[in-house]
Structures are given as C-alpha cells and as structure tokens.
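Novice: Per the numbering used here, the sequence shown starts with residue 22, numbered consecutively. In this text, a Cβ means the ideal position worked out from N, Cα and C, and glycines have one as well.
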Amino acid sequence: MISNLYKRTLSIALLIAISVTFIIGVQGARLLYTRTAIPIPYFQQAYAGNNDTISHQKWQTILDNYVVKDASQHTYFNYGGVSEDHEDLLSEYLDEMQEIDPTHYSKDEQFAYWVNLYNAVTISLVVDEYPIDSIKEIGSQVNLGPWDDIVVDVGGESLSLNNIEHGILRPIFSDNRVHYAVNCASLGCPNLSQTAFTAQNKEQQLQAAAMQFVNSDKGAAFIDGKLVLSNIYNWFARDFGGSEETVLSHLKQYANEDLKGKLNNHLGPIEYNYDWQLNDTK
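Laid out in structure tokens, this is it:
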C-alpha cells in the first residue's frame, strides 16, 4: 500500500512539474512569437510619390564620435565616453523621430528610418544603464533584455524593439539583409554601421554589411574542422529559406573565395554560437 504521506508528496511533486512545464512552455512560446514576422498593419502604408528625406544627422554625429572599428573590421561603441551633450543630442534625435509618421514617406526612406531608430534606441538604452556587461541585463524581464519593453511611440503606435524588428522591418520589407543592419549591442551581432542609413545608401550599406558579417568569424567560421555559424541563421532560418541548405546558399552569395570553397566542401554538421557580451570599446 502506498502511504498517504507518499501520495501527498507525489501529488505536490507532480503539481510542481506541471507548473514548471507550463512556465517554460509560455516562455518558449513568447520567444517564438517574438521571432515570428507578423506585420503591423498601419506601417504597411507608404507614399511612393513623396521624395522628401528624413534627416539623420544627429544620429550620424553620435556614430562619428563613438563607433570604433578594429583591425578585423569589427565595430564597437564607446558607451562610457558619451558626453552629456551627446546624450542630450541622442535624446533629441529620438524625440524628433517619434514626431515623424514614416508612412508618409517612400519605402526606402521608411527602411532607413526604422533601422536608424532601432539602433539609436538600443544605444540609448545601454548608455542609460552603463556600465553593464550585456544588454540582456537591461529591461523589465530578468536576463531577457529590453526587446519587449515599449520604447517609442510612432504614428500613434506604442512600439518595442521587437515590434520594430519583427512587426515592421522583417515582414514589411522582406529583405533578409535587415539582420545585418540592426544591431543588438552585442559582440555576436553584425556591426553597428559607422554611417547612418538613408534611402540613397540603403542598398550599398546592406550589401557591405552582409559581406562583412558572412566573412567574419562572427558569421561563419571553421573551428577544428567544424562549421560554426551565427545563431542568427538558426533563430531566423525561415528568413534565409528555412533549411540549413538554403542558409548555406545564402552564405555563398556573400562569401569570399576561400570561405565559399570551404562551404562547398563541407559535409558535416553545423553548430551555432552567439556572444552576448556588450560590444564595448573597453
């Protein structure tokens, strides 16, 4: 016979297990949802006939003063060096961007607007909390980063960084190179460009960013005979065709001859990696 104490203990253990499973399931579903590209209807509008441009000069000033490139062509941001005047300038830029309704502009102008806004908000969040070791330390949810927190109001919509990336940039513009344009303030992320995006330089910037990342040790590297790719190609595999074969095909489009040859000859498994350490100059 099973004792009543054992039955009660077993019941409690079962309830705990169910609760933990539920929490993990909800959290997993949340993470999956944030990586699903679902367009926010309002921002699907564009005015192709508007040739006006949006000034990103204040953001360019921040980039000019604090983005540093090393010998390996990786960029870093000098968070600890940002002056009070430039903190104010960054705040002014973000305020100005929120006064603009991007749907009144052309699609290319909108793309530049959203990429610059995303990156400027990210830098602002880190500067406000600095010193930190990782952007994941910021935000209302412990160790999950600031990506679900509401950070801007645009066109009457309250938006998080995840809203901008997964509700606007990915689904509306349908260009997988956007992953090389947005920066998450981490060493594993593609470079924060030293040049603000504009409608005019968009294509050149995206091509250069894709080539730089793919051919860097952050994008694709052979380590002890193993192919190690950025987790970007795992998390967002659907944007790159949905399979490892299509991911490899994408990489070969931008790979230099040496890397392309190695990718063509690779038959083994693929591993994924991502470095969440802050992309700080220190």
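Taking only three categories from DSSP, how would you classify TYR293?
Specialist: In the structure shown, TYR293 sits in a strand (DSSP, three-state: E or B).
Novice: Is the CB-CB distance between TYR254 and LEU227 below 8 Å?
Specialist: No, these two residues do not count as a Cβ contact at 8 Å.
Novice: Closest to PHE64 by C-alpha separation, out of ASP238, SER155, SER127 and SER270, would be which residue?
Specialist: Selected option, being the one with the closest Cα: SER127.
Novice: Against chain D, with Cβ distances strictly below 8 Å, would GLY188 count as a contact?
Specialist: Chain labels in this structure do not include chain D; a single protein chain is all it has.
Novice: Excluding the 5 residues flanking ASP296 on each side, which residues of the same chain have their C-beta closer than 8 Å to its C-beta?
Specialist: So the qualifying residues of the chain are SER207, LEU208, GLY209 and LYS239.
Novice: Where does GLY188 land, buried or exposed, given buried means 16+ other C-beta within 10 angstroms?
Specialist: Flag for GLY188 reads buried.
Novice: Since TYR114 is in the alpha helix (DSSP H), which residue starts that stretch and which ends it?
Specialist: Here the alpha helix (DSSP H) through TYR114 covers 105 to 119.
Novice: Quick check on DSSP: helix, strand or coil for LYS303?
Specialist: Of the three classes helix, strand and coil, the one that applies to LYS303 here is coil, per DSSP.
Novice: Based on the DSSP output, what are the partners of LYS90 in its beta bridges?
Specialist: Per DSSP, THR96.
Novice: Would you mind giving the Cβ-Cβ distance between ALA141 and LEU115, rounded to the nearest angstrom? I have them listed as a contact below 8 Å.
Specialist: 6 Å between Cβ atoms; contact.
Novice: The alpha helix (DSSP H) with ALA141 in it runs from where to where?
Specialist: Taken as a continuous stretch (DSSP letters only), the alpha helix (DSSP H) holding ALA141 covers 128 to 150.
Novice: Would ILE159 and PRO167 qualify as a contact pair, given that the criterion is a beta-carbon distance under 8 Å?
Specialist: Yes; because the gap between Cβ atoms is below 8 Å, this pair is in contact.
Novice: Just to confirm my understanding: we take GLY176, look at its own chain, exclude 5 residues before and 5 after, and list those with CB closer than 8 Å. What are they?
Specialist: Answer for GLY176: TYR63, PHE64, ASP122, PRO123 and THR124, listed in chain order.
Novice: Starting from SER251, trace the beta strand (DSSP E) both ways and give me its first and last residue.
Specialist: Run containing SER251: 247 to 251, per the beta strand (DSSP E) assignment.
Novice: Near THR219, what residues of its chain come up, given a Cβ to Cβ distance below 6 Å and the 5 sequence neighbours on each side ignored?
Specialist: Around THR219: ALA133.
Novice: At the level of alpha carbons, what is the spacing between TYR275 and ASP129?
Specialist: C-alpha separation (whole angstroms): 22 Å.
Novice: In or out: SER32 buried (at least 16 other Cβ within 10 Å) or exposed?
Specialist: Since pLDDT at SER32 reaches only 45, below the 50 mark, its modelled position is unreliable, and the value read off the structure follows with that caveat. By the 10 Å Cβ count, SER32 comes out exposed.
Novice: How big is the Cα-Cα spacing for ASN285 and ARG191?
Specialist: C-alpha separation (whole angstroms): 28 Å.
Novice: In the DSSP assignment, what residue or residues form a beta bridge with LEU180?
Specialist: Its beta-bridge partners are VAL173.
Novice: Using the Cα positions of LEU250 and ILE144, report the straight-line distance between them to the nearest angstrom.
Specialist: Between LEU250 and ILE144, the C-alpha separation is close to 25 Å.
Novice: Could you check what DSSP says for LEU284 in three-state terms: helix, strand or coil?
Specialist: Residue state, collapsed to three classes: helix.
Novice: If ALA241 sits next to TRP80, beta carbons under 8 Å apart, how far is it from one beta carbon to the other, in whole angstroms?
Specialist: Their Cβ separation, rounded to whole angstroms, is 30 Å, which puts ALA241 and TRP80 out of contact at 8 Å.
Novice: Note down, in chain order, each residue of its chain lying with its Cβ closer than 6 Å to the Cβ of LEU180, except the 5 sequence neighbours on either side.
Specialist: VAL173, listed in sequence order.
Novice: Of the choices LEU111, VAL147 and GLU117, whose alpha-carbon is the least far from that of TYR100?
Specialist: Among LEU111, VAL147 and GLU117, the Cα nearest to that of TYR100 belongs to VAL147.
Novice: Compare the Cα-Cα distances from TYR292 to each of ARG56, LYS247, ILE75 and ASN222 and report the closest residue.
Specialist: Correcting the residue type first, residue 292 is Glu in the shown sequence and not Tyr. Nearest C-alpha to GLU292: LYS247.
Novice: Out of ASP301, ALA231 and THR267, state which residue places its alpha-carbon closest to the alpha-carbon of ASN277.
Specialist: It is ALA231 whose Cα lies nearest to the Cα of ASN277.
Novice: Could you check where the beta strand (DSSP E) with PHE194 kicks off and where it finishes?
Specialist: From DSSP, PHE194 is part of no beta strand (DSSP E) but of the alpha helix (DSSP H) over 191 to 194.
Novice: So what does DSSP say about SER270, is it helix, strand or coil?
Specialist: Looking at SER270 - three-state DSSP - the assignment turns out to be helix.
Novice: Can you tell me whether VAL199 is buried or exposed? The criterion is at least 16 other CB atoms within 10 Å of its CB, across all chains shown.
Specialist: Looking at its Cβ environment, which holds 16 or more other Cβ atoms inside 10 Å, VAL199 is buried.
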